Amino acid sequence: MLRFESGMEIYLLGQLVLDLLMLILIGLLFYRLRPEKLPQLEEKLALLEKLVEELSRYVEAEKRLFGRLERALAAGAEAWEASAKGRKDLRKEVVRLYREGLSAAEIARRLSLSQGEVELLISLERFKESSER
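Residue numbers (our numbering): 1 to 133.
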């Protein structure tokens, strides 16, 4: 029968048991990571690389689209600002023709506008005149 005389002997025996347990666990870990798993890991890595590549292409396409949208927005803003003078001139022309006695339908036909647009511009001018009095 084994007899342990000191606490140091118990400690050493416990340490020996824990070391053996640790070696067994490390062995199991290496067993689980044996070369048979390597092809699966390589396959997953290849899949991840493919996904990263696709994501990169998607991001680049989105950047190009964003650039085109920015340019289109800038061009639209410039066109809107340039047409502001034309819209003001058009309103003045509608009012002038109305004061000459032309009907809304005739003004619409001459200026290639809808009759509703002409009637709206005329009613806005009437409202403006009545509010100035």
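Just so you know, even glycine gets a beta-carbon here, dropped at the ideal spot from N, CA and C.
Values in this document were obtained by computation on a predicted structure and should not be read as measured data.
Let me know if residue i comes out buried or exposed under the rule of 16 or more other beta-carbons within 10 Å of its beta-carbon.
i, result
"L41", "exposed"
"L121", "buried"
"I107", "buried"
"Y135", "In the structure as shown, the chain starts at 1 and stops at 133, and residue 135 therefore has no counterpart that could be examined."
Measuring only the C-alpha atoms, how far is residue i from residue j?
i, j, result
"Y58", "A82", "36 Å"
"E70", "Y31", "57 Å"
"E93", "R87", "10 Å"
"V17", "R34", "26 Å"
"L113", "L48", "59 Å"
"S56", "P39", "25 Å"
Within the continuous alpha helix (DSSP H) that includes residue i, where are the two ends?
i, result
"G101", "Element bounds for G101: n/a, residue is neither H nor E."
"L28", "7 to 32"
For residue i, which three-state DSSP category applies?
i, result
"S114", "coil"
Taking CB distances under 8 Å as the criterion, tell me whether residue i reaches chain D.
i, result
"P39", "In the displayed structure, chain D is absent; only one protein chain is listed."
For residue i versus residue j, is the C-beta spacing smaller than 8 Å?
i, j, result
"E125", "V95", "yes"
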